[in-house]
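J.: This structure is in structure tokens; I'll ask about it shortly.
Residue numbers (our numbering): 644 to 826.
The structure is reproduced here in structure tokens:
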């Protein structure tokens, strides 16, 4: 109960006041659930195509810099990942690639469901199932979208913010920290 209350309190703090919880990311099995770096706007243009970045909302120069700086900051803290998963949306995949934390595996469960909210529960469950299947102690970086993160945690993250999760023995996850590399 205390952890849920703490998670609710954390989600309500302005990003500038949230602690940089590097220790949470150091823990074996830590999951870094990251909103893609800054991509000005909301949603995607009508008629966008998943495989065509020219039709999507993309990172701007500040977002690309933010993604690179996030990777540098993680490495400076000695944090690495066994798995790097991303949504197939260009802004997420580019964030993951620019962070340079390892090979990027595109996972459909991390695709945005902003325009199809009905897919949220199934995608969230698929993400939780994939996390549960990881070996004990494996660390993962998941780069995705605000709607996906909010569905999993109840938190509305800033662009480029990392919500740190720990896997629970009985399944599921809980929030254990936050790290924000501002654009």
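We put the CB at the ideal spot given by N, CA and C, even for glycine.
I think residue 802 touches residue 678, with their Cβ atoms under 8 angstroms apart; what is that distance to the nearest whole Å?
T.: What you label residue 802 is simply residue 159 of the chain shown in a count that begins at 1. What you label residue 678 is simply residue 35 of the chain shown in a count that begins at 1. Contact flag correct, Cβ pair sits at about 6 angstroms.
J.: Could you say if the segment 711 to 726 and the segment 742 to 758 meet the contact criterion of at least three C-beta pairs nearer than 8 angstroms?
T.: Result yes; three or more Cβ-Cβ pairs closer than 8 angstroms.
J.: So, for residue 720: in the same chain, excluding its five sequence neighbours on each side, which residues have a beta-carbon less than 8 angstroms away from its beta-carbon?
T.: Here residue 720 refers to the residue found at position 77 of the chain shown. So the qualifying residues of the chain are 665, 668 and 669.
J.: Considering only the alpha carbon of each residue, which of 785, 791, 737 and 781 lies closest to residue 761?
T.: By 1-based counting over the chain shown, the position of residue 761 is 118. For residue 761, the nearest C-alpha among the options comes from 791.
J.: Cutting at 8 angstroms between CB atoms, please list the residues of its own chain near residue 690, excluding the five before and the five after it.
T.: As a working note, residue 690 is residue 47 in the chain shown. So the list reads 698, once near-sequence residues are dropped.
J.: For residue 823, list the residues DSSP reports as bridge partners.
T.: In the chain shown, counting from the first residue as 1, residue 823 sits at position 180. DSSP, once it has assigned bridges, lists 804 as partnering residue 823.
J.: Among all the DSSP beta bridges, which residues are the ones paired with residue 677?
T.: Translated into positions along the chain shown, residue 677 becomes position 34. Note: residue 677 sits in a beta bridge opposite 786 and 805.
J.: Quick one: Cα of residue 748 to Cα of residue 754, how far?
T.: Numbered from its first residue, the chain shown carries residue 748 at position 105. Numbered from its first residue, the chain shown carries residue 754 at position 111. Approximately 12 angstroms, taken between the alpha carbons.
J.: In terms of residue numbering, what span does the alpha helix (DSSP H) encompassing residue 665 cover?
T.: Here residue 665 refers to the residue found at position 22 of the chain shown. From DSSP, the alpha helix (DSSP H) with residue 665 extends over 665 to 669.
J.: Can you name the residues that DSSP bridges to residue 727?
T.: Start at 1 with the first residue of the chain shown, and residue 727 comes out as number 84. According to DSSP, which records beta bridges pairwise, residue 727 is partnered with 747 and 784.
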